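Presented below is the structure to which this report refers.
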Amino acid sequence: MAQPQHPNLPLPDYFSKFAANYVRQTGRATLNILATVIKENIQKSAHPIGPDSVVHDTAAGPGIGAAALVASLPKEQLPKEILVSDNVAMMVSAARESLTASPLPHVECKELDSQNLSEVPDNHFTHSINNFSIFTFVRAGDAIRETYRTLQPGGLAVITCWRRFAPMFIVHGAQNKIRPDLPLMPTPSPEFYEEGVLQKVAEENGFSSAKIELAETVLLVDDEEDVAGLTSLMSGPMMARARQGYTEDEEAKWAESVRQSVKEEIEQFGGIRFEAYILLATK
Ligand SMILES: C[S@@+](CC[C@H](N)C(=O)[O-])C[C@H]1O[C@@H](n2cnc3c(N)ncnc32)[C@H](O)[C@@H]1O
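First residue of the sequence shown: 1, per the working numbering; consecutive thereafter.
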């Protein structure tokens, strides 16, 4: 059965369509930021991941948390168990496929709703990762409550969200070049870009303010392949909503307009600039 998705995603079946090309078309941005967060924030915290850890990567897409763990930790520090879950079947099968040959000792890939993890007992995980998904949930508070419930006392939740989601600025720039009179493409739950909102939602749904730490990070995507992947996401059918109301002639200008906006972004920042909030919360 189709899962309810956030109404402001660019397409009703956005994440099913995205599954096959996810890593390329995100320019590995979510993967690379999480790999840095693991090294710089989680492993330097009071609760590093190690061989006794039991990790949940919730709303994992095609297994980004597991891939980031493998990319950032030596084999002997990998967790003994990881549950990789997402509520989109095609994301879960893409995760399963990409992790078959991974060095992780035990991986389970499962279709689960982050907002209702009733299959998972209380106090189960040592670590829960929620990487760049919170703003796509219809009920973000429920997802945090489930993260809190399923963490062991002393367990660590790691929740990231965008402070600056570069593709949205680039797409808006491309729209403004062709039809500045039409509405700009909406972004799901834009309140999460604001400082303090992620922390507030975490506090309202179980975590104590004294046990929350916040950090920020910047990723400049300048690798040619990654820039090409992001450009193809923004140029193609996944961003059809940005071209709503366009004539055929205007549609034909879209790819060039995106290329121009990408060029301007790189000239301004030296790469495609993503900024992110990182929340570490202990139960
Ligand atoms: C922007 S992607 C992030 C994926 C991955 N965590 C990463 O780091 O790239 C958001 C993911 O959240 C998933 N998602 C959205 N709502 C969900 C829900 N209620 N339960 C589980 N997954 C959900 C989508 O299917 C998608 O894979």
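We put the beta carbon where it would ideally sit given N, CA and C, even for glycine.
What you are looking at is a predicted structure, and each value in this text was computed from that prediction instead of being measured.
Selected residue, minimal CA-CA separation from residue i, among the options
| i | options | result |
| --- | --- | --- |
| residue 247 | 208, 142 and 179 | 179 |
| residue 147 | 55, 194 and 236 | 55 |
| residue 154 | 163, 24 and 208 | 208 |
| residue 170 | 90, 185, 71 and 51 | 185 |
| residue 218 | 275, 48 and 263 | 275 |
| residue 32 | 138, 69, 124 and 75 | 69 |
| residue 131 | 76, 141, 63 and 175 | 63 |
| residue 40 | 261, 215 and 188 | 215 |
| residue 26 | 233, 240 and 242 | 233 |
| residue 205 | 257, 282 and 162 | 282 |
| residue 114 | 100, 104, 108 and 129 | 129 |
| residue 109 | 6, 118, 95 and 120 | 95 |
| residue 254 | 263, 85 and 239 | 239 |
| residue 102 | 127, 136 and 65 | 65 |
| residue 126 | 57, 223 and 182 | 57 |
| residue 61 | 100, 111, 36 and 43 | 111 |
| residue 116 | 142, 252 and 5 | 142 |
| residue 120 | 150, 139, 100 and 140 | 150 |
| residue 135 | 144, 118, 161 and 157 | 161 |
| residue 84 | 107, 52 and 122 | 107 |
| residue 224 | 18, 28, 98 and 19 | 28 |
Residues sharing a beta bridge with residue i, DSSP
| i | result |
| --- | --- |
| residue 156 | 127 and 282 |
| residue 221 | 272 |
| residue 116 | 113 |
| residue 240 | Paired residue(s): none; residue 240 is not in a bridge. |
| residue 86 | 111 |
| residue 212 | 281 |
| residue 259 | DSSP output for residue 259 lists no bridge partner at all. |
| residue 151 | 125 |
| residue 162 | 276 |
| residue 81 | 54 |
Residue i CB to nearest heavy atom of ligand 1 below 6 Å
| i | result |
| --- | --- |
| residue 229 | no |
| residue 201 | no |
| residue 25 | no |
| residue 36 | no |
| residue 114 | yes |
| residue 205 | no |
| residue 86 | yes |
| residue 91 | yes |
| residue 59 | yes |
| residue 131 | yes |
| residue 136 | yes |
| residue 64 | yes |
| residue 192 | no |
| residue 30 | yes |
Neighbour flag for residue i against chain D, beta carbons, 7 Å
| i | result |
| --- | --- |
| residue 209 | In the structure shown, chain D cannot be found, because there is only a single protein chain. |
Integer-rounded CB distance, given that residue j should sit under 8 Å from residue i
| i | j | result |
| --- | --- | --- |
| residue 71 | residue 133 | Not quite, the Cβ-Cβ distance comes to about 19 Å (not below 8 Å), so this is no contact. |
| residue 202 | residue 266 | Wrong, their Cβ atoms sit about 34 Å apart, outside the cutoff. |
| residue 269 | residue 220 | 6 Å |
| residue 188 | residue 21 | So it is not a contact: roughly 20 Å between Cβ atoms. |
| residue 51 | residue 77 | 7 Å |
| residue 47 | residue 156 | 4 Å |
| residue 73 | residue 49 | 7 Å |
- [ ] List in chain order: all unbroken alpha helix (DSSP H) runs of 4+ residues lying wholly within the stretch 12-60.
- [x] 14-18, 22-25 and 29-37
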